[in-house]
Amino acid sequence: MDRLQDTITLLGDLIAFPTVSSDSNLEMIANLAQRLEDIGARVQLQHAADGRKANLFATLGPERHGGFLLSGHSDVVPVTDQNWSHDPFQMTERAGKLFGRGTCDMKGFIAASIVKAQDYASMPLNRPVHFSFTYDEEVGCIGARSLAEWLTAQDIRPSVAIIGEPTSMQIVEGHKGCCEYTTSFQGLAGHGSLPDKGVNAVEYAVRYVSKLMSLGEELKGRAPTGSRFDPPWTTINTGALTGGSAHNVIPETARLAWEFRPVQSSDFEYVKSEVERYASDVLLPAMKAVCPTASITTEVIGEVVGLEPATVNEARDIVMELTGQNNADVVSFGTEAGIFSGLGMSAVLCGPGSIEQAHKADEYVSIDQLAKCLTMLDGLSDKLHG
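Just so we're aligned, residue 1159 is where the sequence shown starts under my numbering, counting upward by one.
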């Protein structure tokens, strides 16, 4: 059987599901669930609170602790305002590359995993192999965090997690965390000629940004000794600031979107406490002195823990054996791996496609990369029945 062609065909089917994070993924999840049920997998769906999305968790092999978890997220980023050369939700092959939204991030790995599941199902498995396909990874790993709670409640404990993010099939054993927030400022409107009579929400938001910038510089001096990340320190980014309506009106409201990517848990605690202290002890008293109802509120969009490199990492060692590589890297982008690691699994990233192609117009994965992924998953067979 030509598993590579099967994977390409299935990938085309998956690309046709426009699972942008703002939309439902239920049709794609139902398709994957049916494929897994047809080969005898035990499939369970975990729906989001609004019922519009779901995680899929499936198992082949014995019902016991341990075994392997093959994981990918079903959602993709939007294509709005991107200049695609063809329909992004209709996969196109050109010069050994497969183009389409989600081809590398990360439906290529999902397709390869489903195709290999057919082979695993025909084997006498001594260790379970689990499949985890989540929702809303791109907007804060919401599905994976919910799945983690469910796995804990069900007392399901895989021991090795392979997350197929696009790493060009290189082994990645660590990544930074990713913490995203929206901070809202409620001030007091007024005429621009009387600034002392109002509370300028935009100006207070700018002062908040200045604090973030100051912290960003300070964090450079907190980089852990020997940090392998690029850059080696925790970073802070201001993504968007909106507010105001006219030149001569004191803006009553402002919204600030910002993020930081901690390299260590101590930086997470430090940044959070510093910005909260600055807002409550410096900005708010000045705002309330003019308008007692003024406020600063912060919404947590997502707080995704990092994957800290570990001296002992079974997942890394196994994937090294399967791929023939003898080293592992770290990356700055966030994934679901830290969530699975937090459940006690050893975790590693290794998947087809390059992160440089993700989120862009004309995203693609090469057929060669899919072939390498299948080779890795072929090697996993010996681990499952050995």
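By construction, the Cβ of each residue, glycine as well, lies at the ideal position given by its N, Cα and C atoms. Predicted model, so just to flag it, every value in this text is computed and none were measured.
Boundaries of the beta strand (DSSP E) around Ala1505: Ser1504 to Leu1507. If you compare the alpha carbons of Lys1446, Leu1370 and Arg1365 with that of Ser1431, the shortest gap goes to Leu1370. Apart from sequence neighbours up to five positions away, the residues of its chain that approach Thr1411 with a beta-carbon distance below 8 angstroms are Ser1342, Phe1343, Gln1344, Gly1345, Ala1359 and Gly1401, ordered along the chain. Under the 8 angstroms Cβ criterion, the region 1511-1525 counts as touching the region 1247-1264, having at least three qualifying pairs. Here DSSP, grouped into helix, strand and coil, assigns Leu1352 to coil.
The distance from the Cβ of Ile1321 to that of Ala1495 is about 5 angstroms, consistent with a contact at the 8 angstroms cut-off. Judged by DSSP in its simplified three-state form, Asp1263 adopts helix. Around the beta carbon of Glu1295, a 10 Å sphere encloses 16 or more other beta carbons of the protein chains shown; the residue is thus reported as buried. In this structure, DSSP gives Tyr1339 an extended state, which the three-state scheme calls strand. DSSP places Asn1471 outside both helix and strand once states are collapsed to three, so it counts as coil. Here the alpha carbons of Arg1419 and Leu1218 stand approximately 36 angstroms from one another.
Between Pro1324 and Pro1510, the beta carbon gap of about 7 angstroms places them in contact (Cβ cut-off 8 angstroms). The alpha-carbon separation between Val1178 and Ile1408 amounts to approximately 37 angstroms.
Closest option to Phe1498, judged by alpha-carbon separation, among Gly1332, Trp1242, Phe1257 and Gly1170: Gly1332.
Under the three-state reduction of DSSP output, Phe1426 falls in the helix class. Taking 8 angstroms as the cut-off, the Cβ atoms of Tyr1339 and Trp1416 count as close. Ser1232 and Leu1538 have their C-alpha atoms roughly 23 angstroms apart.
Across the structure, Ser1368 and Val1433 are spaced so that their CA atoms are roughly 11 angstroms apart. Contact check for Ile1197 and Ala1275: beta-carbon distance about 6 angstroms, within the 8 angstroms limit, so the pair qualifies. For the pair Cys1508 and Val1330, the Cα-to-Cα distance works out to about 6 angstroms. Met1478 is positioned such that its CB atom lies no closer than 8 angstroms to that of Val1318. Between Met1281 and Gln1527, the gap from beta carbon to beta carbon reaches 8 angstroms or more. If you ignore the 5 residues before and after Leu1283, its C-beta comes within less than 8 angstroms of the C-beta of Leu1218, Gly1219, Pro1220, Leu1542 and His1543, all in its own chain and listed in chain order. Leaving aside the five residues that flank Ile1454 on each side, the residues in its chain whose CB is nearer than 7 angstroms to its CB run, in chain order, Thr1341, Phe1343, Ala1437, Leu1441 and Leu1442.
Three or more beta-carbon pairs drawn from the region 1179-1187 and the region 1289-1305 are found closer than 8 angstroms, and the two stretches are therefore classed as touching. Taking the Cβ atoms as the reference, Ile1272 lies roughly 6 angstroms from Leu1168, within the contact range of under 8 angstroms. Beta-bridge partners of Glu1461 (DSSP): Cys1337. In this structure, DSSP gives Asp1245 a state outside helix and strand, which the three-state scheme calls coil.
CA-to-CA, the gap between Phe1267 and Lys1255 works out to about 15 angstroms. If you look at Thr1533, you'll find it in the alpha helix (DSSP H) that goes Ile1525 to His1543. The beta carbon of Leu1399 sits closer than 8 angstroms to the beta carbons of Val1360, Ala1363, Val1364, Val1367, Ala1412, Arg1413, Leu1414 and Ala1415 from its chain, once the five residues preceding and following it are set aside; these are given in chain order. The beta carbon of Leu1162 lies closer than 8 angstroms to those of Ile1525, Leu1528, Ala1529 and Leu1532 in the same chain, with the five residues before and after it left out. Between Ala1444 and Ala1473 a beta carbon distance of about 50 angstroms is seen, past the 8 angstroms cut, so the two are scored as non-contacting.
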